[in-house]
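As given, the protein sequences belong to chains C, Y, G and X, one line each in that order. Here the first sequence is numbered in the working numbering, starting from 1 and rising by one per residue. Here the second sequence is numbered in the working numbering, starting from 425 and rising by one per residue. Here the third sequence is numbered in the working numbering, starting from 849 and rising by one per residue. Here the fourth sequence is numbered in the working numbering, starting from 1273 and rising by one per residue. Structure record follows, encoded as structure tokens.
Number of protein chains: 4
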Amino acid sequence: MNIDKNQIAEHNQQLEAVQNRRFNQLAEDLPNAETIVQKLVDFQVAIPSWALGTGGTRFGRFSGGGEPRNLEEKIADIGLLHALNRSSGAISLHIPWDIPEDYAAIRTLASQYDLSFDAMNSNTFQDQQGQALSYKFGSMQHVDKAVRKQAVDHNIDVIKHGIELGSKSLTVWLADGSSFPGQLNFRRAFQNTLESLQEVYAALPEDWKIFVEYKAFEPNFYSTTVGDWGQSLLYASKLGDKAYTLVDLGHHLPNANIEQIVSLLLMEGKLGGFHFNDSKYGDDDLTTGSIKPYQLFLIFSELVEGMDNRGMDHTKDLGWMIDASHNLKDPLEDLLQSVEAILIAYAQALLVDRAALTEAQSANDVVRAQEILQHAFRTDVRPLVAEARKRTGAALNPVQLFRELGVRSQLIKERGAKTVATGL
Amino acid sequence: MNIDKNQIAEHNQQLEAVQNRRFNQLAEDLPNAETIVQKLVDFQVAIPSWALGTGGTRFGRFSGGGEPRNLEEKIADIGLLHALNRSSGAISLHIPWDIPEDYAAIRTLASQYDLSFDAMNSNTFQDQQGQALSYKFGSMQHVDKAVRKQAVDHNIDVIKHGIELGSKSLTVWLADGSSFPGQLNFRRAFQNTLESLQEVYAALPEDWKIFVEYKAFEPNFYSTTVGDWGQSLLYASKLGDKAYTLVDLGHHLPNANIEQIVSLLLMEGKLGGFHFNDSKYGDDDLTTGSIKPYQLFLIFSELVEGMDNRGMDHTKDLGWMIDASHNLKDPLEDLLQSVEAILIAYAQALLVDRAALTEAQSANDVVRAQEILQHAFRTDVRPLVAEARKRTGAALNPVQLFRELGVRSQLIKERGAKTVATGL
Amino acid sequence: MNIDKNQIAEHNQQLEAVQNRRFNQLAEDLPNAETIVQKLVDFQVAIPSWALGTGGTRFGRFSGGGEPRNLEEKIADIGLLHALNRSSGAISLHIPWDIPEDYAAIRTLASQYDLSFDAMNSNTFQDQQGQALSYKFGSMQHVDKAVRKQAVDHNIDVIKHGIELGSKSLTVWLADGSSFPGQLNFRRAFQNTLESLQEVYAALPEDWKIFVEYKAFEPNFYSTTVGDWGQSLLYASKLGDKAYTLVDLGHHLPNANIEQIVSLLLMEGKLGGFHFNDSKYGDDDLTTGSIKPYQLFLIFSELVEGMDNRGMDHTKDLGWMIDASHNLKDPLEDLLQSVEAILIAYAQALLVDRAALTEAQSANDVVRAQEILQHAFRTDVRPLVAEARKRTGAALNPVQLFRELGVRSQLIKERGAKTVATGL
Amino acid sequence: MNIDKNQIAEHNQQLEAVQNRRFNQLAEDLPNAETIVQKLVDFQVAIPSWALGTGGTRFGRFSGGGEPRNLEEKIADIGLLHALNRSSGAISLHIPWDIPEDYAAIRTLASQYDLSFDAMNSNTFQDQQGQALSYKFGSMQHVDKAVRKQAVDHNIDVIKHGIELGSKSLTVWLADGSSFPGQLNFRRAFQNTLESLQEVYAALPEDWKIFVEYKAFEPNFYSTTVGDWGQSLLYASKLGDKAYTLVDLGHHLPNANIEQIVSLLLMEGKLGGFHFNDSKYGDDDLTTGSIKPYQLFLIFSELVEGMDNRGMDHTKDLGWMIDASHNLKDPLEDLLQSVEAILIAYAQALLVDRAALTEAQSANDVVRAQEILQHAFRTDVRPLVAEARKRTGAALNPVQLFRELGVRSQLIKERGAKTVATGL
């Protein structure tokens, strides 16, 4: 199924009057409304190929219908999203779930939907059918050099697929760790992992980056070998200039101040990528912005401040990606909500009066500093986000149009009610 | 120092045009704007007498200046707040910090500022000069009946003071608990506490309520004898119809779902009062709404839904109070920010389309349910809150006016730069 | 495969001299060593039928070999455990994973291994093949009465199976809850759940109990409808005398004081059952005693104190069960380690000098109270636990004998390397 | 008051027979008992000067009696401890609470008690009487260079005091941080702090070390400028070879794996010092080993393994110190319990069969690895710790002797019942 430009135009026509009024009303109070709209237009969030199907927990998975059955259908799904919001113009592939059979065909298909290939993702946290050695006790940390080599070789393979598709980065998430005291020698696990990462690093093309993702716990429940930003930064620093830390919002201990981590990683020039989702307890992988929207705003506020401070390009110099699990919602609707929440937080962050904030900070005027941040957060920026969509030919209300067009039932009709997309 | 009606009028005149425009713009989209404004007008939050001075931590206290030196000045401070926002029309006293010498004079003074006396607070977590027995090992839980009796008698005293002032409720927060395994027999501590509370309960006037506050930890660091809502509800149920649970936002374990607790306590008819503040780690006692404003909204959403379901009066049937510690901010500015955040959350909760939400819930339409809640939260309701202030003769921007009038420097001039208000 | 008495005798003969020496040395210092040994002999922990296979996380499952392929083989596995330690004399079945085809045959088989049937477990957190209605949005809480009825009927079925096997209790763990704000009306979810539980309760035989298990989060990540002990107690109180709360060690928010919960539930006469495991982050389901052995001891200390206070029988009046997930270890070895840790904690709890502790508590002698508890905990009670095994014909070192006999390779030979037991 | 050698000898005589029996029994099973005893003899834990008085929380402080009124009496108190256990042979001073008036006299006094001067501690988290500039908004992070300079100068002063006393290290704990979003620019706070630390570093004598302590939260409740080990390591790395990270057990987010942090810091050659205490919720500062003794053992296990791996001297190459708050217990008894718990954990760690553990790890034998660790932990090593005391002329049971001698009543007689030691 494809969404037609006319369908969008028709939808927008109905909502346009109200949108115009609201945008104009808001613009009266915001001198830089136009600048913000332009930045929103430019901002793109990659969609991971595994987020297009129903996710689950260890207790079960309640499949929806019409899930994509192969890479082509995954690309089509992201094409639908991008048609609706014009902010999801990239796909992040996961190997081995998405190995392309014909690179050229896949590239062509993606370009038809105006999609580029974002970071490639490797998988050494599961055993694949026919795999020689098991990752039960880790991959890059493994006590057995042969297992480490298998994991390294897999990552090098992933890079090769990525080169063919035009990707420029590799995200390495390692589930490596331990579930019981004594299971691991922490130091040797670190050193094995470092050595493995160095071998992958050596295979990186000149213009590629490698993102070392950290996670506090799960699926290991005692220690994780890349467990926090401090460990990730140690690896990235030892690896070299092409290595960066990747922050996933759900991968922290309770109460962690993620925005401070973001600021410090930017200070060190070592923040590379970002995985959006939301959570209350652990790596809950809920819709971005559904639980802690103020934290999301504060993080974006640091991202904007820190990137601007280094003269970084918001749209290119960090890898932005959603990484969630859609257990209860229609995955495509969930992704539309997530992208919307990200754009709202980004717009709010762009609204922050930086000069006034710096002044308040310099005067230790804590009350004023809070007023400045909360003014930006409390402002209803949805008309700005919608305006960006309007100008790019996206739908004013993507979720509403998705439903009006009956996209899901159409997909079920095309693909069946019992398809199961690869993923978790 | 008093704030003059003319000073407020002048301030409002300058901001009125913009306020009118914004309110009208918002009202275009909100059919029930007027109803909400009226509810905001009626909503009053009590200010605790101990929150008017600088707070501290065990590591130190950095006093500000111009703090109230006695009960009269505390009332005057709340009078200032109420003049500025017309939403702080009650004071919550703490005994022995605020024992009135002349009830009639204090009542008259309060009524001059249009203030009523909210819940009375007892203190059995500190030893007062000349106190016969120590609370080092607890008060109502104490192994020694004489200590328990002292604590009971103190609470009965507090009730007597309250009767004289026109208060109708007693809040009992017990620091009782233990810091080490083995220190307490949990069951006996519970039973001693229950027996003590029953003695206090017996002394309650017919039209009074007693609020049993719970707290997960601090100042005891192993167990607390009224440690969570389950324990508080057990006490309140065993005590009788006049006993209720009081929820303080900062008194939970990490990640607790407070809004669900609120809903269930309302269901049981046992929610009695509410202490507002915000926190990231523990009982941080920060400005309400400064850390987790979405959670605050969700809690208000349950409060509104649950109270309406029982036909409760939003303004009278629960005790609303701020309970924060102002370590870094001017206490009065902090309180103005807190009240503003509370009113914003309340307004957003009133905005929720309940019928649509119920419909979405009945259809398990999770996406739609989220859209409905977030629509209310994302709406910039500040013009509604300001409108309520405008109509009651309060300042359109209380913090701004507080600063323009130089209230704090005036207070320092009147009271001195080194005064220290009673409190923590 | 069966373990022969002679194999055990031979194993014990080799270790007996050392065991005798250690036991006698310890008994010199412990006047009540014999009493404790007898209580250890009597103590039995039920093994859940689903814990005999490899567990997993949502990221994957790394199967071992020789897993039981049916109920008969599960019973055989527990028979092996019981032969090795004589402390695992009960099985807890899970329906629909363990529906017996021939009750009499199953009963006979179990009795051959000297096993009884502990609490029955229902499953309304997954959809079974061919199930009419989905539990995607809950079961007993569901907005649709038909789904609730399906869940109720299933539980009544489970009771019927249990009656045939001689079980006397039903454990209800509900995954019901929500992952997003707004998804549920908490009050209606509670009331629907209560109504459903009441229907199940009505079908309980006179001499049965129902255990209402609570859990803070997972698989739902915003709210859980039986989320904490307070909620469970509310349900159990409203249901009636046959309803109890069940505590699972991994089902709490971070830092919860579980031992206090245990004490209070015993005080209320509402503690019904216990699920053992251990965890660092959430419901990690690790080997009991592998992460927080002191907490396990403190919990047992409350269990012993609280049961003795009510004159309860340690062996019969609470349901004891392991509930863990064996992702990395051989499930049978893991279970042997768990039972050992439970018996150690129980023995330590029995060692506590209750009179001295009460005296220290009455004197607020915190230092002494800690010394008393830690003396019990620091004592090496393994000779007591081993002595209990020796006297019942179990192996002095069950894990060691399990390995010496090559039990796992034997099971793989009999059942194959790729079997997968039903479970998570 | 001093404790006489004869008093100790008499006490030991009474307990010696039992001790000898238990030690011999244990030594039968432990080939390296003698080596362990010798290491226990050599191990010394520094006592902070502020831990000798009653501590408190922000809610109050319940003083005991006989607290030391000056530095001389603090030294005398530690002298008492050291006489009792011969394991507390160092004092860690806090400036300005402990500024010596006569260095030579203080040195002589300390040497009479056989005490050395461990790390010096600075204080820039409180305002001292007469201090020119306030630390309300931080010290080394402060936006105002003059405040930063004041903090730097204070630290240089502290070094000077330390030089006079023979100390060789400076511990810098900064309370710097923020309580509200927006209050700080995280990057500038970091850079200001780094610059300040560099100025202090420049003043360090050649043979000194500086320890950069981190803490997750409190007294600031939103961010801390040296908030976790990653940040501390960044500072220490940028400062140079004399800079190290200091780990305080209570300064982490919930569920943190501290033992892994210890291992990695040792790997990097950047672990400098250790503060012992215990906690359940935050920086509760409870008696070491009173809440999570297994975690303490696991940490010691990593300390021993990691130090041995680098050929470090257990007694000299790390700074060992207790840092607790004695709110409920007699401070001296509490410290005796803490030292005992530390020695027990150290002895258990020395018991671990490293070769077997490495073998189990190399084989991914998780069950065996756990058995090895838990065997060491479950062994009752108290006879080893007591033996070390016996051989050094310390008391076999220090707490018991402390009580038998009536030390506290003697101190109250000498110093009065209402003294208050400097500290928190």
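Positions of the beta carbon are idealized from the N, C-alpha and C atoms, including for glycine.
Same chain, Cβ closer than 7 angstroms to residue i, five either side skipped, listed in chain order
i	result
residue 251(C)	214, 215, 216 and 283
residue 542(Y)	470, 514, 515, 516, 591, 743 and 745
residue 511(Y)	467, 468, 469, 763 and 767
residue 39(C)	314 and 350
residue 849(Y)	Residue 849(Y) is absent from the model: chain Y starts at 425 and stops at 848.
residue 1195(G)	884, 888, 1229, 1232 and 1233
residue 801(Y)	718, 721 and 772
Strand pairing of residue i, partner residues [DSSP]
i	result
residue 940(G)	896(G)
residue 1059(G)	1019(G) and 1092(G)
residue 1550(X)	1558(X)
residue 968(G)	1018(G)
residue 1543(X)	1517(X)
Selected residue, minimal CA-CA separation from residue i, among the options
i	options	result
residue 857(G)	1260(G), 916(G) and 1241(G)	1241(G)
residue 1281(G)	900(G), 1234(G), 1260(G) and 852(G)	Outside the shown range of chain G (849 to 1272) lies residue 1281(G), about which nothing can therefore be said.
residue 32(C)	290(C), 179(C), 352(C) and 305(C)	352(C)
residue 1019(G)	930(G), 1093(G), 1174(G) and 1158(G)	1093(G)
residue 969(G)	899(G), 1038(G) and 980(G)	899(G)
residue 1464(X)	1448(X), 1474(X) and 1602(X)	1448(X)
residue 208(C)	147(C), 162(C) and 360(C)	162(C)
residue 1338(X)	1677(X), 1602(X), 1549(X) and 1631(X)	1602(X)
residue 79(C)	142(C), 3(C) and 156(C)	3(C)
residue 1451(X)	1580(X), 1497(X) and 1471(X)	1497(X)
residue 942(G)	952(G), 973(G), 931(G) and 1138(G)	973(G)
residue 1429(X)	1475(X), 1410(X) and 1462(X)	1475(X)
Residue-level contact to chain B via CB, residue i, 7 angstroms cutoff
i	result
residue 30(C)	Any reference to chain B falls outside this structure, whose protein chains are C, Y, G and X.
Spatial neighbours of residue i in its chain, beta-carbon cut-off 8 angstroms, leaving aside the 5 residues before and after
i	result
residue 85(C)	336, 339, 340, 389, 394, 395 and 398
residue 1378(X)	1343, 1344, 1347, 1372 and 1437
Beta-carbon spacing of residue i, residue j below 7 angstroms
i	j	result
residue 1030(G)	residue 797(Y)	yes
residue 1034(G)	residue 719(Y)	no
residue 757(Y)	residue 366(C)	no
residue 492(Y)	residue 845(Y)	yes
residue 1482(X)	residue 1514(X)	yes
Spatial neighbours of residue i in its chain, beta-carbon cut-off 6 angstroms, leaving aside the 5 residues before and after
i	result
residue 1283(X)	1667 and 1673
residue 451(Y)	457
**Request:** Go through the region 1409-1448 of chain X residue by residue and report every complete run of the alpha helix (DSSP H) that reaches 4 residues or more, in order.
**Result:** Runs of the alpha helix (DSSP H) inside the region 1409-1448 of chain X: 1417-1437.
**Asked** Considering only residues of the region 1224-1258 of chain G, which uninterrupted alpha helix (DSSP H) runs meet the minimum length of 4 residues and lie entirely inside it, listed in chain order?
**Response** DSSP assignment within the region 1224-1258 of chain G yields the following whole alpha helix (DSSP H) runs of 4 residues or more, N-terminal first: 1230-1240 and 1246-1252.
**Message:** Which runs of the beta strand (DSSP E) at least 3 residues long sit entirely within the region 318-362 of chain C? Give them in chain order.
**Reply:** If we require 3 residues or more, the beta strand (DSSP E) runs fully inside the region 318-362 of chain C come out as 319-322.
**Request:** Could you tell me which uninterrupted alpha helix (DSSP H) segments, each at least 4 residues in length, are contained entirely in the region 905-960 of chain G, listed from first to last along the chain?
**Result:** Counting whole runs of 4 or more residues, the region 905-960 of chain G contains the alpha helix (DSSP H) stretches 919-933 and 951-960.
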